[in-house]
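Heads up, this note's numbering is the position in the sequence shown plus 1, with the first residue counted as 1.
No residue lacks a Cβ here, since even glycine has one placed at the ideal position from N, Cα and C.
Since we're looking at a predicted model, the values are computed, not measured.
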Amino acid sequence: LDNIVGTWSSGSKAVVTGPGFANPSNLSFTYPKTTGISYSFSADGFYEIARYRFNGNGSLPNCITGVIGWVHGHYILQQNGSITMTPLGDGYQQIQDPCAAVSNFIEPYNLTELYKAWQIFQDPTAGLKLHLFQFDGAPLAPQFLISATPNMLPTQLLRNVTPPAPAPGLSRRTSAAVQPQSWTLGVTGATGLTVAGIILALF
């Protein structure tokens, strides 16, 4: 089983790439009902990622941070079994933190990501299942094939990458503020969902 092409989604499969998740032209999202990740791969070398998570705070239980993000670009299946994903440059994420000085903001998210390995298994009840392993070998949450045809936005720049004026009620950070993000889910009880955060390039 070595065909990664298609759209994959974790958990309840509420997070799915494509036009139902992100609208890069106005830096907006349609929030899924539950958290999760979704990866899509095309046969001609394009990828798209949709991610939605909450971060709990043990010392400040009321300070739950929500992060939702979208990115797309080119991927390469390397001969050593790894995958490199290089963004086109128009990715972004929205962070909501009720305890921060700025509680709701949008920032660029354009990190080249390295996945050390990937495997596809045939689950006896759920069908094909994709396992991705981060640069350090840590696994992401398993994803299930929901469409053999990739559900993706157009594989080109979808907005002017010069930051426009913030939407009402939001601020926008510069790319210098982008830091590696932990994508481990905690609030909903899911585990093991972490961005492959090796930074090879930064928008």
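By alpha-carbon positions, which one of the options ends up nearest to residue i?
| i | options | result |
| --- | --- | --- |
| Tyr-48 | Val-162, Thr-156, Arg-160 | Thr-156 |
| Asn-152 | Leu-2, Asn-4, Phe-22 | Phe-22 |
| Ile-65 | Gly-138, Thr-126, Ser-104, Asn-111 | Ser-104 |
| Gln-97 | Arg-160, Trp-119, Gly-67 | Gly-67 |
| Gln-94 | Ile-69, Val-17, Asn-24 | Ile-69 |
| Ala-44 | Leu-129, Thr-113, Leu-78 | Leu-78 |
| Gly-7 | Ile-147, Thr-31, Ala-118 | Ile-147 |
| Trp-119 | Pro-99, Asn-56, Phe-42, Leu-154 | Phe-42 |
| His-75 | Phe-55, Gly-46, Val-162 | Gly-46 |
| Asn-58 | Thr-126, Ala-101, Asn-161, Ser-29 | Ala-101 |
| Ser-29 | Gln-80, Trp-9, Arg-52, Ile-107 | Ile-107 |
| Tyr-40 | Asp-124, Gly-138, Val-162, Lys-130 | Lys-130 |
Using the beta-carbon count (16 or more within 10 Å), is residue i buried or exposed?
| i | result |
| --- | --- |
| Ser-60 | exposed |
| Lys-34 | exposed |
| Pro-20 | exposed |
| Asp-91 | buried |
| Pro-109 | buried |
| Asn-111 | buried |
| Ile-50 | buried |
| Ile-5 | buried |
| Ala-166 | Below a pLDDT of 50, predicted positions are generally treated as unreliable, and Ala-166, at 47, falls in that range; no measurement from the model is reported. |
| Pro-25 | buried |
| Thr-18 | buried |
| Leu-154 | buried |
| Leu-2 | exposed |
Run through DSSP, which three-state label would residue i get?
| i | result |
| --- | --- |
| Asn-24 | strand |
| Gly-57 | coil |
| Ile-38 | strand |
| Asn-152 | coil |
| Ala-178 | In this prediction, Ala-178 scores a pLDDT of 37, lower than 50, which makes its location untrustworthy; the coordinate-derived value is nonetheless stated afterwards. Correct three-state label for Ala-178: helix. |
| Lys-130 | strand |
| Phe-136 | coil |
| Leu-89 | coil |
| Arg-173 | Legend: pLDDT at Arg-173 = 46, less than 50; position of this residue unreliable, value from coordinates given subsequently. Strand. |
| Thr-66 | strand |
| Gly-12 | coil |
| Leu-208 | No information on residue 208 is available, as it lies outside the stretch 2 to 204 that the chain covers here. |
| Tyr-48 | strand |
| Tyr-116 | strand |
| Pro-109 | strand |
| Gly-19 | coil |
| Leu-2 | coil |
If residue i sits next to residue j, beta carbons under 8 Å apart, how far is it from one beta carbon to the other, in whole angstroms?
| i | j | result |
| --- | --- | --- |
| Pro-62 | His-73 | 35 Å between Cβ atoms; not a contact. |
| Thr-113 | Met-86 | 7 Å |
Looking only at its chain, what residues have a beta carbon closer than 7 Å to the beta carbon of residue i, apart from the 5 residues adjacent to it on each side?
| i | result |
| --- | --- |
| Ala-15 | Pro-33, Lys-34, Thr-35, Gly-37 |
| Leu-159 | Pro-25, Ser-26, Asp-91 |
| Ser-83 | Leu-115, Tyr-116, Lys-117, Ala-118 |
Take residue i and list the residues in its own chain whose beta-carbon comes closer than 6 Å to its own, dropping the five residues that flank it on each side.
| i | result |
| --- | --- |
| Ser-11 | Gly-37, Ile-38, Ala-142, Gln-144 |
| Ala-149 | Gly-7 |
| Thr-133 | In the sequence as presented, Thr is not what sits at residue 133; that position holds Leu. Answer for Leu-133: Tyr-116, Trp-119, Leu-141, listed in chain order. |
| Phe-204 | With a pLDDT of only 26 at Phe-204, under 50, the local geometry of the prediction cannot be trusted, and the value read off the model is given with reservation. So the list reads Gly-90, Pro-109, Asn-111, Ser-176, once near-sequence residues are dropped. |
So, at 8 Å on beta carbons, what are the nonlocal neighbours of residue i in its own chain, with the 5 sequence-adjacent residues on each side left out?
| i | result |
| --- | --- |
| Ile-121 | Leu-2, Asp-3, Asn-4, Ile-5, Leu-129, Lys-130, Leu-131, His-132 |
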